[in-house]
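Written out below as structure tokens is the structure these notes cover.
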Amino acid sequence: MPSNLQAFDSEQLKEVFAQAEKVRDGVFTARDKYFWSGWIAIAALQTILKLIKGDKWGETYSGLIANADLPTMKMRRELDLLREMLVSSAPQDLVKNLHEHENDTISFPNESIRVHFEEFLSKYGSRTFDMIPMPTSKAWYDHPVHVAKAIHAPVDNGREKPARNSPQQLPRNALTRLVWLLVPKVKEMVVERDTVIRAYEDATVPLRAVMNEVGRRLKERGALSVASDVKFLEPSEAFAALMANTQGSLSELQAAIMKRQFARPATIHNWRLPVKLQTQAKGKGFAILTGLPASPGMASGKAVIVMDDSDFEKVKEGDVLVCVASNPSWTTLFGRASAVVADLGGPLSHASIVAREFGIPAVLNTKCGTSTLVEGEVYVVDGTRGIIMNTHSQS
Numbered sequence: 001m002p003s004n005l006q007a008f009d010s011e012q013l014k015e016v017f018a019q020a021e022k023v024r025d026g027v028f029t030a031r032d033k034y035f036w037s038g039w040i041a042i043a044a045l046q047t048i049l050k051l052i053k054g055d056k057w058g059e060t061y062s063g064l065i066a067n068a069d070l071p072t073m074k075m076r077r078e079l080d081l082l083r084e085m086l087v088s089s090a091p092q093d094l095v096k097n098l099h100e101h102e103n104d105t106i107s108f109p110n111e112s113i114r115v116h117f118e119e120f121l122s123k124y125g126s127r128t129f130d131m132i133p134m135p136t137s138k139a140w141y142d143h144p145v146h147v148a149k150a151i152h153a154p155v156d157n158g159r160e161k162p163a164r165n166s167p168q169q170l171p172r173n174a175l176t177r178l179v180w181l182l183v184p185k186v187k188e189m190v191v192e193r194d195t196v197i198r199a200y201e202d203a204t205v206p207l208r209a210v211m212n213e214v215g216r217r218l219k220e221r222g223a224l225s226v227a228s229d230v231k232f233l234e235p236s237e238a239f240a241a242l243m244a245n246t247q248g249s250l251s252e253l254q255a256a257i258m259k260r261q262f263a264r265p266a267t268i269h270n271w272r273l274p275v276k277l278q279t280q281a282k283g284k285g286f287a288i289l290t291g292l293p294a295s296p297g298m299a300s301g302k303a304v305i306v307m308d309d310s311d312f313e314k315v316k317e318g319d320v321l322v323c324v325a326s327n328p329s330w331t332t333l334f335g336r337a338s339a340v341v342a343d344l345g346g347p348l349s350h351a352s353i354v355a356r357e358f359g360i361p362a363v364l365n366t367k368c369g370t371s372t373l374v375e376g377e378v379y380v381v382d383g384t385r386g387i388i389m390n391t392h393s394q395s
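Once you know that position 212 of the sequence shown is 212 in full-length UniProt numbering, the rest is easy, because the numbers rise by one and skip nothing.
Structure below.
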């Protein structure tokens, strides 16, 4: 990756982007090596457990694949180490003026903490705050103060987790022998998927650098109000605008950006995701909402709708985390939440895997949880059956 992109002309920038894009796309090519065999193993394991355990299969499934050596959980342990260091080092001084302006400053109590913090960013700085990493997504190393906020965030205080059915309670028969043959393959896929996400984010770094430079140039030409608006453009559109010399082309570009900003607010960071049922009246919320039972157990709490990292501080101990989807940067929230509800997601999505690791119920793929559940209202999340109920609908 060239270090001085400002010295490149538009054609050279486009070529650098194309080369970096091939590298990033290669990450998904590598995924194909395990994808299909892993899904077959998951389907087989779930089918067998349903035959053995009936309605309780989900609890056993979670117990079997929990405690996988996930890169995401390694990252969280390192974040916890930083937090422990700060507990005895005036943690209130790490971030100043958190709520006053965007340019918050970080003040380190001592040199050791500064070194550990910078080492953490050097290792995990390519992580993004977005649910789907894009070439224009903001990364941790771009906004280190957000990492500092995550360190300060309240964490799990030892509350009791939902009970799990012990895998050792499986009967000794031929089906159980198949279970133990399948479990290693499923756990391998869970870990590999998490690893691929990390590799994908790393491969997005050069793309992000190019798009930031494109945004800077478009702003200088008056095509963008702010350079960060480049996130509302497809790369092909951004490069076409960079090479265009007509005012008409720039006007069309600005009109497209305004339309996309209206369709999906800038805080979402990804206008490509469809907005589900945004016009639906919220009122008292749905009595029952259904989705994929991703992590078993039952818990209740106040719904807190989190659309991006600016909402992280809203999540308090025992709240129900409601989101479109999550990624590894959201892991600290799972230590506070009593349950997770997501519009999107499957058995191997980040929210599903991490909820099982934390032992909290999760219901995913609800399609419209963020637009139907009411912030502040208390809901019961049944991760075993895949149901969300308000307290008035319980029998």
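Heads up, the beta-carbon is just placed ideally off N, CA and C, and yes, glycines get one too.
Quick check on the DSSP output: the beta strand (DSSP E) that includes residue i runs from which residue to which?
i    : result
S338 : Per DSSP, S338 belongs to no beta strand (DSSP E) and is neither H nor E.
T290 : I288 to T290
Who are the Cβ neighbours of residue i in its own chain at under 6 Å, not counting the five residues just before and after it?
i    : result
I48  : L175, L178 and V179
A223 : A241, L250 and L253
Y141 : L121 and G125
R216 : A227
Y379 : A303, V320, I388 and N390
F8   : none
F108 : R114
L348 : R193
R76  : T331
D55  : none
Residue j and residue i - do their beta-carbons sit closer together than 8 Å?
i    : j    : result
T72  : T366 : no
A299 : A339 : yes
L292 : G386 : yes
V196 : D69  : no
A66  : V186 : no
A148 : I106 : yes
K231 : M134 : yes
A238 : R24  : no
S329 : T128 : yes
I305 : E377 : no
T384 : G301 : no
F358 : F334 : yes
M243 : S10  : yes
In the DSSP assignment, the alpha helix (DSSP H) including residue i goes from what residue to what residue?
i    : result
I360 : Taken as a continuous stretch (DSSP letters only), I360 belongs to no alpha helix (DSSP H), as it is neither H nor E.
L224 : No alpha helix (DSSP H) contains L224, which DSSP labels as neither H nor E.
L242 : P235 to M243
T370 : G369 to T372
Between which residues of its own chain and residue i is the CB-CB distance below 7 Å, once the five residues before and five after are set aside?
i           : result
L13         : L5, V210, E213 and V214
L82         : H116, F117, F120 and I151
residue 458 : The shown model of the chain, from 1 to 395, leaves out residue 458, and the question about it has no answer.
P144        : I106 and L121
H99         : Residue placement at H99 is poorly supported in this model, since its pLDDT is 39, which falls under 50; the coordinates still yield a value, given next. So the list is empty, once near-sequence residues are dropped.
My guess is that residue i and residue j are in contact by the Cβ rule of under 8 Å, so how many angstroms apart are they, rounded?
i    : j    : result
P361 : S295 : 6 Å
A44  : L182 : 6 Å
D343 : V363 : About 11 Å; that fails the 8 Å criterion.
I113 : L86  : 7 Å
V315 : V341 : So it is not a contact: roughly 13 Å between Cβ atoms.
V27  : A199 : 5 Å
Helix, strand or coil for residue i? Go by DSSP, reduced to three states.
i    : result
M298 : strand
V381 : strand
M389 : strand
P328 : helix
L64  : helix
E192 : helix
T128 : strand
L182 : helix
V145 : helix
A322 : Going by the sequence as given, residue 322 is Val instead of Ala. Here V322 sits in strand by DSSP.
Y293 : Contrary to the premise, residue 293 reads as Pro rather than Tyr in this sequence. Three-state result, P293: strand.
V306 : coil
F17  : helix
L344 : coil
E100 : Confidence at E100 is low in this model, with a pLDDT of 38, below 50, so its placement is unreliable and no value can be given for it.
Less than 8 Å between C-beta atoms, sequence neighbours within five positions excluded: which residues of the same chain meet that for residue i?
i    : result
Q280 : The predicted model places Q280 with a pLDDT of 37, which falls under 50 and marks its position as unreliable; any figure quoted below should be read in that light. Closer than 8 Å at Cβ, skipping near neighbours: C368, S371 and T372.
A20  : M1, A203, P206, L207 and V210
Using a Cβ-Cβ distance cut-off of 8 Å, determine whether residue i contacts chain D.
i  : result
A7 : Protein chains in the displayed structure number just one, and chain D is not present.
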